[in-house]
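Enquirer: Can you keep this structure in mind? I'll have questions shortly.
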Amino acid sequence: AADVVVLVLGIDKPIEHEGIDRADTALPGRQEAFALRVLALGRPTVLVLTNGGALAIDALVNRSGPAPYAIVEAFNPATSGARALAASLF
1 AADVVVLVLG
11 IDKPIEHEGI
21 DRADTALPGR
31 QEAFALRVLA
41 LGRPTVLVLT
51 NGGALAIDAL
61 VNRSGPAPYA
71 IVEAFNPATS
81 GARALAASLF
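The numbering of the sequence shown is this note's numbering, which starts it at 1 and goes up by one.
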């Protein structure tokens, strides 16, 4: 079992980029449901967000059950972003 979960959620450029507006700030697809299931495991979880605009994560942080221990805003990390993020977290 993992000591810490690194949960990466967000949106990519086909969903959000210059000239494209989103209808809302919700996490697309089943990301919120997946995140809630991961958080319910009770493991320390670092939430990493990749996005260019606001994301609604209220359901993940304002809850009675386990919430993320930390939230990292990675924005759009580009090609070296994964390496930089790993160096920051580990």
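Cβ coordinates follow ideal geometry from the N, Cα and C atoms, glycine included.
(1) Identify which residue in ARG43, PRO77, ILE57 and GLY29 has its Cα closest to the Cα of VAL6.
(2) For the structure I just gave you, are there three or more beta carbon pairs, one from the region 22-40 and one from the region 77-84, closer than 8 Å?
(3) Could you check which residue in GLY65, ILE71, LEU60 and ALA67 has the C-alpha nearest to that of LEU27?
(4) Express the C-alpha separation of GLU18 and VAL8 in angstroms, rounding to a whole number.
(5) Does GLU32 come out as helix, strand or coil in the three-state DSSP assignment?
Expert: By the coordinates alone:
(1) As a position in the sequence shown, residue 6 is number 6, starting the count at 1. Considering only alpha carbons, the answer is ARG43.
(2) no
(3) Locating residue 27 in the sequence shown gives position 27, where the first residue counts as 1. Out of GLY65, ILE71, LEU60 and ALA67, LEU60 has the C-alpha closest to the C-alpha of LEU27.
(4) The residue labelled residue 8 in the question sits at position 8 within the sequence shown. The residue labelled residue 18 in the question sits at position 18 within the sequence shown. So the alpha carbons of these two residues sit roughly 23 Å apart.
(5) Indexing the sequence shown from 1 puts residue 32 at position 32. DSSP places GLU32 in helix when its eight states are reduced to three.
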